[in-house]
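To start, the structure itself, in structure tokens.
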Amino acid sequence: MLAIACIKQVPDTTQVKIDPATNTLVREGIPFIVNPYDTHALEESLRIKDRYGFRAVALSMGPPNAEAALRKALSMGADDAILCSDRCFGGADTLSTSNVLAAAIAKIAQETGEEVGIVFCGKQTIDGDTAQVGPGIAVRLGFSQLTLVDRIEELDLANRRIRVRRKLEGRYEVVEAPLPVMITAVRELNRPRYPTVTMRLSAVNASVKVWTNEVLKLDVNSVGLKGSPTWVSRIFSPERDKGEIIGDGLSDPVGTAHLLIDQLLAKDMLAV
Amino acid sequence: MSPNPAVFTPLLLASLLFFVWSLYRKLSLVALGRSGYTFRGFGEGVREMLLFAFVQKRVLRQGFGFNHLIIFWACMVLVFVNVEFLVNGVFPALRLAALPDSIYVPIRFLSDIMSGLTVAAIVLALVRRTVFPPYPEARTFESYLILSLISLHMIAYIGVSAAEIALGRERAEAFMPVAAFFAKMLAALPEARIEAVFNLSWWLHAAALFSFITVLIPFTKHMHVFTAIANCFLRRGEKPNTQQPEIFETGRVFGAGRVDSLTWKDLLDGFACTKCGRCQNVCPAAATGKPLNPRQVVNDVRVNLLANGPLLKRGGVPTVPLIGDGGEGSVAEEAIWACTSCGACMEACPVFIEHLPKLVDMRRHLVEMESKFPEELLNLFENMEQRSNPWGIAPSERTKWTSLMEVKPFEAGATEYLLYVGCAGSFDSRSKQVTVSLAQILDAAGVSWGILGKDEKCCGDSLRRLGNEFVFDRMARENVALFKDRGVTKVITQCPHCFTTLKNDYRQFGIELEVVHHSELIKELLATGRLKMNRQVKDLGRVILHDSCYLGRHNDVYGAPREVVSTVTGTAPAEFERAREESFCCGAGGGRMWMEEQTGTRINHSRVEEALRKNPDTVCVSCPYCMTMFEDGLKDRQAGQTRVKDIAEVVAEGLRPVQ
Chain A
325 MLAIACIKQV PDTTQVKIDP ATNTLVREGI PFIVNPYDTH ALEESLRIKD RYGFRAVALS
385 MGPPNAEAAL RKALSMGADD AILCSDRCFG GADTLSTSNV LAAAIAKIAQ ETGEEVGIVF
445 CGKQTIDGDT AQVGPGIAVR LGFSQLTLVD RIEELDLANR RIRVRRKLEG RYEVVEAPLP
505 VMITAVRELN RPRYPTVTMR LSAVNASVKV WTNEVLKLDV NSVGLKGSPT WVSRIFSPER
565 DKGEIIGDGL SDPVGTAHLL IDQLLAKDML AV
Chain B
6 MSPNPAVFTP LLLASLLFFV WSLYRKLSLV ALGRSGYTFR GFGEGVREML LFAFVQKRVL
66 RQGFGFNHLI IFWACMVLVF VNVEFLVNGV FPALRLAALP DSIYVPIRFL SDIMSGLTVA
126 AIVLALVRRT VFPPYPEART FESYLILSLI SLHMIAYIGV SAAEIALGRE RAEAFMPVAA
186 FFAKMLAALP EARIEAVFNL SWWLHAAALF SFITVLIPFT KHMHVFTAIA NCFLRRGEKP
246 NTQQPEIFET GRVFGAGRVD SLTWKDLLDG FACTKCGRCQ NVCPAAATGK PLNPRQVVND
306 VRVNLLANGP LLKRGGVPTV PLIGDGGEGS VAEEAIWACT SCGACMEACP VFIEHLPKLV
366 DMRRHLVEME SKFPEELLNL FENMEQRSNP WGIAPSERTK WTSLMEVKPF EAGATEYLLY
426 VGCAGSFDSR SKQVTVSLAQ ILDAAGVSWG ILGKDEKCCG DSLRRLGNEF VFDRMARENV
486 ALFKDRGVTK VITQCPHCFT TLKNDYRQFG IELEVVHHSE LIKELLATGR LKMNRQVKDL
546 GRVILHDSCY LGRHNDVYGA PREVVSTVTG TAPAEFERAR EESFCCGAGG GRMWMEEQTG
606 TRINHSRVEE ALRKNPDTVC VSCPYCMTMF EDGLKDRQAG QTRVKDIAEV VAEGLRPVQ
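So the sequence lines, in the order shown, correspond to chains A and B. According to this note's numbering, the first sequence is numbered sequentially starting from 325. According to this note's numbering, the second sequence is numbered sequentially starting from 6.
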């Protein structure tokens, strides 16, 4: 059975600035990282591999330099790494990205002759923040979708069922679904492993397969910019409200602390 | 039974054979270690050996060391008479007495005095070990056995001499006060009884010598009589203030997860240790209840080698793990991570055992081969790799501190010095104030300097001490390439960790920089008159000076900060009880800055309390880690009236215009 982790290479957003003149992201010199949520997705696919003997495959769509993200996946222990990269995939929104990734997942199953058990995605990316690609893949493949998962409670391979806990606002929800499923990971799901040097060195020479549209054979109107109904009208940094200074912390720290606690209680930000 | 060559000779031969065989069996295991130890050269080796093994300079640092020196030199003198004893036992005709008086009498005299002195020294040693042991676990059977056998040996020697005097067979009698004293007591006995005392003493002496050869030297820490001398001879030319690089190729092992992955010198260290406990007494981890005991680490290496060595020699797999639960022969992971790499153990060791390289090698194994480390370090490692600073702050914020002043970028030819600000100086809000003070000082003295700004990267010190050599290696190469590209030759640092890394570690990566710590540069600027104070610094009150491990012990900079404080405040700084070479770590070195400290008490509390005993108004530091540890410690102790200042801030006080 296959455990496929979808990962995306994103600019390190803490370092991204918006050019005030053009309203576009200044990407020059900004390092790329693996989308943090995706590292949890990847880690979980590797745990499923370690525990249940799944074959772990890391999958990404992006420009040729996204290979670095897949190499990191290989160094962490992925068995295979596939990069969907083609000029015609460029400028994709979440819809056309889902088209490509779903097609790639189907192709992986076809090529290996193995069944896809679980597809793992991060809950969202830190550059787009839409949280749509995972569900988009699930819909296209006809998989059950389990989003915002912070714990896998049970994987029952004999009965082909999985039970997970979803982390929602202020509550948890335990749900069960038949395999195959698509799971999106939140940070609490696991702690990604740190690759050993031995693994890193072997990942340097391992091959990352690159699949172009000649391999996937998708309709060019369903991928890339052409397949993307979304368009970005403007990018801007929201002005943050100025903070409020309450009390006089220097001369009356105790009184000010009480004041602060009262206000936080009043705003329901603290519970007694 | 009178001395009898027919009995003595076979016993001696058997003992000698056993001695050679058992020593060979053990010491040949040292060859299992890997290479990677550079010997400084024969001449220098001999000098170190004379100074430290024969004059015992480091043993003498401790008051009681003098007692050891007496025993050592007594044994050296008595080697003569012992050799005579052995030869004479086999060939009764060959005797020292056959020598002319001019040689014979002085030998007898010296030996007599030394035997008496040794007995006195051994009695003192026994009392000391029992009443004031060097460390609580020092009262071992092994130690008492060694002391007892030395005294038995001496008493038997005196017995032989006294009996000979009493029997009128000793012509140097007048020059042997110790033996003569006991001879007087024997004189009252009938001759046959004296003869019996002679025989008994003679055989006891023989028995003591045989047990030295067959038991004490090959099987106890008494082996140090050979190995400690060898270790002094093999002392490394450079201070062990850096780690050896690794070659990253597939198929290699990284770090030391097995005893044969340590260097052969590490293995020899195990046999050179006399368990004196000096290392454990100065170790900040051991002093605050952590499971690390440097003496035990060295012992574990030896025990592990003895347990696995014979198997390893035959190409087998070790059965006792080097890193394990902390049972004898295994070092516990928690102990490995407890080290602050302060180097106090190595500074204290009288025979130059190097504890730190062993611990870092074990850390390397854990990080690089097993990916096992305290979980706090995962963030550190990721932050270092992704953003080249320990906090994971965006590199674009490196220059935020410059918003208050005009700072030039470094440009070869146009600026003389690169001010390598360092991560703490760039991102830590408290240390940024130090950076600003230092920049003001440099400007006031007219120094030509510039920064790399957003292009500056972390030096990687913590990674290297934590055993993440793979990532350190990459960062070091990037930095060296950057320095070379920009034509950097002279560097100022305000952090002893950057200082030692750029100065000592980067040398291995192909760059020889002229690195100066800010305390040294400020001293120079004051001494040459380039930096002039506007006022004498009085508002800081009583200033106590803390020596940072990586400035002092690891790089021998002790004078500069003291001179600077003396010059700008007009008085010499107060000193800690443990200062200079003996300085006690703040607790943040060796990557401990980024780890929790949950076992035992806190190292910084220990140092803060030591400071408070001297009632300072200001603790002067010259390291951003020490700054954090002292400020946190003082807060925890609610000693709010005591401030912590970096040496640059102390000097900057003196630059403020007079009102």
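Glycine included, each C-beta is placed from N, C-alpha and C at the ideal position.
**Message:** What does the alpha-carbon distance come out to for the pair Glu175 of chain B and Glu169 of chain B?
**Reply:** As a working mapping, residue 175 of chain B is identified with position 170 in the second sequence. As a working mapping, residue 169 of chain B is identified with position 164 in the second sequence. For Glu175 of chain B and Glu169 of chain B, the distance between alpha carbons rounds to 6 Å.
**Item:** Within chain A, the residues that Phe259 of chain B reaches when beta carbons sit closer than 9 Å
**Value:** In the second sequence, counting from the first residue as 1, residue 259 of chain B sits at position 254. Going along chain A in sequence order, the residues near Phe259 of chain B (Cβ under 9 Å) are Thr520, Val521, Thr522.
**Request:** Just the chain B side, please: which residues come within less than 8 Å of Leu525 of chain A by C-beta, in chain order?
**Result:** Taking the first residue of the first sequence as position 1, residue 525 of chain A is located at position 201. Going along chain B in sequence order, the residues near Leu525 of chain A (Cβ under 8 Å) are Phe253, Glu254, Thr255.
**His210 of chain B vs Ala161 of chain B beta-carbon contact at 7 Å** = As a working note, residue 210 of chain B is residue 205 in the second sequence. As a working note, residue 161 of chain B is residue 156 in the second sequence. Against a cut-off of 7 Å, the Cβ pair of Ala161 of chain B and His210 of chain B comes out as a contact.
**Message:** My parser needs the alpha helix (DSSP H) runs of 4 or more residues fully inside the segment 361 to 415 of chain A; what are they?
**Reply:** 391 to 400
**Asked** Taking only beta-carbon atoms, is Met634 of chain B less than 7 Å away from chain A?
**Response** If you number the second sequence from 1, residue 634 of chain B lands on position 629. Chain A contact via Cβ: absent.
**Request:** Taking 7 Å as the cut-off, decide whether the C-beta atoms of Leu364 of chain B and Cys344 of chain B are in contact.
**Result:** Residue numbering aside, residue 364 of chain B sits at position 359 when the second sequence is read from its first letter. Residue numbering aside, residue 344 of chain B sits at position 339 when the second sequence is read from its first letter. With a cutoff of 7 Å on beta-carbon distance, Leu364 of chain B and Cys344 of chain B are scored as near each other.
**Message:** Using a Cβ-Cβ distance cut-off of 7 Å, determine whether Met367 of chain B contacts chain A.
**Reply:** By one-based count along the second sequence, residue 367 of chain B stands at place 362. No, Met367 of chain B lies away from the interface with chain A (no Cβ there is under 7 Å from its Cβ).
**Request:** Determine which residues of the segment 355 to 379 of chain A have a Cβ less than 8 Å from any Cβ of chain B, and write them out in chain order.
**Result:** Pro355, Ile357
**Asked** Per DSSP, Cys625 of chain B forms a beta bridge with which residues?
**Response** What you label residue 625 of chain B is simply residue 620 of the second sequence in a count that begins at 1. B:Leu550, B:Lys650, per the DSSP bridge assignment.
**Distance, Asn609 of chain B Cα to Arg134 of chain B Cα** = Here residue 134 of chain B is taken as the residue at index 129 of the second sequence, counted from 1. Here residue 609 of chain B is taken as the residue at index 604 of the second sequence, counted from 1. One Cα belongs to Arg134 of chain B, the other to Asn609 of chain B, and the distance between them is close to 31 Å.
**Asked** In chain order, what residues of the same chain have a beta carbon less than 6 Å from the beta carbon of Asn236 of chain B, not counting five sequence neighbours either side?
**Response** Stepping through the second sequence from its first residue, residue 236 of chain B is reached at position 231. Counting only Cβ-Cβ distances below 6 Å, and skipping sequence neighbours, we find Ala277, Val356, Phe357.
**Request:** Examine chain B for any beta-carbon lying closer than 7 Å to the beta-carbon of Thr338 of chain A, and answer yes or no.
**Result:** Counting from one through the first sequence, the residue named residue 338 of chain A turns up at place 14. At least one chain B Cβ lies under 7 Å of Thr338 of chain A.
**Asked** Can you name the residues of chain B whose CB is closer than 8 Å to the CB of Arg564 of chain A?
**Response** The residue labelled residue 564 of chain A in the question sits at position 240 within the first sequence. Within chain B, no residue comes near Arg564 of chain A; the closest Cβ sits about 17 Å away, beyond 8 Å.
**Coarse secondary structure for Ser467 of chain B, derived from DSSP in three states** = As a first step, residue 467 of chain B is located in the second sequence; it is residue number 462 there, counting from the start. Helix.
**Asked** Using the beta-carbon count (16 or more within 10 Å), is Ser531 of chain A buried or exposed?
**Response** The residue labelled residue 531 of chain A in the question sits at position 207 within the first sequence. So Ser531 of chain A counts as exposed.
**Prompt:** Across which residues does DSSP place Val440 of chain A in a beta bridge pair?
**Reply:** Counting from 1 along the first sequence, the entry for residue 440 of chain A is found at position 116. According to DSSP, Val440 of chain A bridges with A:Leu326.
**Request:** Verify whether the separation of the beta carbon atoms of Met54 of chain B and Phe238 of chain B is less than 7 Å.
**Result:** Looking up residue 54 of chain B in the second sequence gives position 49. Looking up residue 238 of chain B in the second sequence gives position 233. Contact: yes.
**Request:** Following the continuous alpha helix (DSSP H) through Ile155 of chain B, name the residue where it begins and the one where it ends.
**Result:** Sequence index remark: in the second sequence, residue 155 of chain B carries index 150 (1-based). Here the alpha helix (DSSP H) through Ile155 of chain B covers 146 to 171.
**Prompt:** What in chain B is Cβ-close to Arg515 of chain A, meaning under 8 Å?
**Reply:** Indexing the first sequence from 1 puts residue 515 of chain A at position 191. Here the neighbours are Glu380, Leu383.
**Asked** Assuming Cys625 of chain B contacts Leu550 of chain B under a Cβ cut-off of 8 Å, what Cβ separation, rounded to an integer in Å, is found between them?
**Response** Taking the first residue of the second sequence as 1, we reach residue 625 of chain B at position 620. Taking the first residue of the second sequence as 1, we reach residue 550 of chain B at position 545. With 8 Å as the limit, Cys625 of chain B and Leu550 of chain B qualify as a contact, their Cβ atoms being about 5 Å apart.
**Item:** Option in B:Asp448, B:Val306, B:Gly294, B:Leu471 with minimal Cα separation from Lys377 of chain B
**Value:** On the second sequence, position 372 is the one that residue 377 of chain B refers to. Nearest to Lys377 of chain B by C-alpha distance, out of B:Asp448, B:Val306, B:Gly294, B:Leu471, is B:Leu471.
**Prompt:** Thinking C-beta only, is Pro578 of chain B closer than 7 Å to Val570 of chain B?
**Reply:** In the second sequence, the residue the question calls residue 570 of chain B occupies position 565. In the second sequence, the residue the question calls residue 578 of chain B occupies position 573. Cβ atoms of Val570 of chain B and Pro578 of chain B: closer than 7 Å.
**Asked** In or out: Leu343 of chain A buried (at least 16 other Cβ within 10 Å) or exposed?
**Response** As a working note, residue 343 of chain A is residue 19 in the first sequence. Here residue 343 of chain A turns out to be Asp, not Leu, going by the sequence shown. Label assigned to Asp343 of chain A: exposed.
**Request:** Determine the DSSP secondary structure at Phe477 of chain B, reduced to helix, strand or coil.
**Result:** Taking the second sequence and counting its residues from 1, one reaches residue 477 of chain B at position 472. The answer is helix: DSSP assigns Phe477 of chain B an H, G or I state.
**Prompt:** How is Gly2 of chain B classed by DSSP in three states: helix, strand or coil?
**Reply:** For residue 2 of chain B there is no data in the structure shown, the boundaries of chain B being 6 and 664.
**Request:** Please state whether DSSP places Ser468 of chain A in a helix, a strand or coil.
**Result:** Numbered from 1 along the first sequence, position 144 holds the residue referred to as residue 468 of chain A. The answer is strand: DSSP assigns Ser468 of chain A an E or B state.
**Request:** Starting from the beta carbon of Phe386 of chain B, find every residue of chain A whose beta carbon is closer than 8 Å, and list them in chain order.
**Result:** On the second sequence, position 381 is the one that residue 386 of chain B refers to. In chain order: Tyr518.
**Prompt:** Met506 of chain A bridges to which residues according to DSSP?
**Reply:** Position 182 of the first sequence, counting from 1, holds the residue named residue 506 of chain A. Answer is A:Val443, A:Gln469.
**Request:** Would you give the residue range spanned by the beta strand (DSSP E) that Pro335 of chain A belongs to?
**Result:** Counting from one through the first sequence, the residue named residue 335 of chain A turns up at place 11. Taken as a continuous stretch (DSSP letters only), the beta strand (DSSP E) holding Pro335 of chain A covers 333 to 335.
**Request:** Would you list, in sequence order, the uninterrupted alpha helix (DSSP H) runs of no fewer than 4 residues that lie entirely inside the segment 15 to 94 of chain B?
**Result:** 47 to 53, all fully within the segment 15 to 94 of chain B.
**Unbroken alpha helix (DSSP H) run spanning Tyr109 of chain B, endpoints** = On the second sequence, residue 109 of chain B is found 104 positions in, with the first residue counted as 1. Note, Tyr109 of chain B: alpha helix (DSSP H), 106 to 136.
**Request:** Closer than 8 Å by C-beta to Met119 of chain B: which residues in its own chain qualify, once you throw out the five before and the five after it? Chain order, please.
**Result:** Stepping through the second sequence from its first residue, residue 119 of chain B is reached at position 114. Excluding sequence positions up to five before and after Met119 of chain B, its CB lies within less than 8 Å of the CB of Trp78, Ala79, Val82, Leu83, all in the same chain and listed in chain order.
**Message:** So the candidates are B:Asn286, B:Thr324, B:Val372; which of them puts its Cα closest to the Cα of Cys354 of chain B?
**Reply:** Against the second sequence, residue 354 of chain B aligns to sequence position 349. The candidate whose alpha carbon is nearest that of Cys354 of chain B is B:Asn286.
**Item:** Against chain A: residues of the segment 117 to 132 of chain B by CB proximity under 9 Å
**Value:** none
**Request:** Sort B:Thr572, B:Ser611, B:Gly314, B:Gly397 by Cα distance to Ser588 of chain B and report the nearest one.
**Result:** Position 583 of the second sequence, counting from 1, holds the residue named residue 588 of chain B. Among B:Thr572, B:Ser611, B:Gly314, B:Gly397, the Cα nearest to that of Ser588 of chain B belongs to B:Ser611.
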